[in-house]
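Student: Heads up: the sequence shown runs through residues 522 to 619, numbered per the working numbering.
Every residue, glycine too, gets a C-beta built ideally from N, C-alpha and C.
The structure is given below, and queries will be raised subsequently.
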Amino acid sequence: MKTAYDIIIRPIISEQSMEDADIKKYVFEVAKDANKIEIRKAVEEIFAVTVIKVTTCYIRGKEKRSGAYPKGYTALRKKAVVKLSESSKAIEIFEGMA
522 MKTAYDIIIR PIISEQSMED ADIKKYVFEV AKDANKIEIR KAVEEIFAVT
572 VIKVTTCYIR GKEKRSGAYP KGYTALRKKA VVKLSESSKA IEIFEGMA
């Protein structure tokens, strides 16, 4: 059985995700085989908040080169956008970034 820390890999800090933090939407990189229910339970367990909605999408690997011919791709990732309830507290990781 996977723990909550196996499901939530890292927060994604970008310009768009920082704008959405004002309306209590947070973005995380998650395990590729995790479903929305597991993601919701993991976020609630780690950060002690109430989750309203979880949306997920796969981020395709980008093409990378290191020389003329050895062309490869970066890793495929899964991203989850988590919407918290209005009564929930904010997640501390994102507080000083905006």
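Quick one: residues in its chain with C-beta nearer than 8 Å to the C-beta of Glu-566, no 5 flanking neighbours on either side, listed in chain order?
Tutor: Taking the first residue of the sequence shown as 1, we reach residue 566 at position 45. Answer for Glu-566: Ala-525, listed in chain order.
Student: Tell me, please, which residues DSSP counts as bridged to Lys-585.
Tutor: In the sequence shown, the residue the question calls residue 585 occupies position 64. DSSP lists Gly-593 as partners of Lys-585.
Student: Along the chain, where does the alpha helix (DSSP H) containing Lys-557 start, and where does it finish?
Tutor: Here the question's residue 557 lines up with position 36 in the sequence shown. Residues 557–568.
Student: Please confirm whether Ala-552 has its beta-carbon closer than 7 Å to some beta-carbon of chain D.
Tutor: The chain inventory of the structure shown lacks chain D, comprising one protein chain alone.
Student: What number of angstroms, rounded off, separates the C-alpha of Gly-582 from the C-alpha of Thr-595?
Tutor: Here the question's residue 582 lines up with position 61 in the sequence shown. Here the question's residue 595 lines up with position 74 in the sequence shown. In a straight line, the C-alpha of Gly-582 is about 5 Å away from that of Thr-595.
Student: Give me whichever residues DSSP pairs with Lys-604 in a beta bridge.
Tutor: Position 83 of the sequence shown, counted from the first residue, corresponds to residue 604. DSSP, once it has assigned bridges, lists Lys-546, Lys-574 as partnering Lys-604.
Student: Name, in chain order, the residues that DSSP records as bridge partners for Tyr-526.
Tutor: Start at 1 with the first residue of the sequence shown, and residue 526 comes out as number 5. According to DSSP, Tyr-526 bridges with nothing at all.
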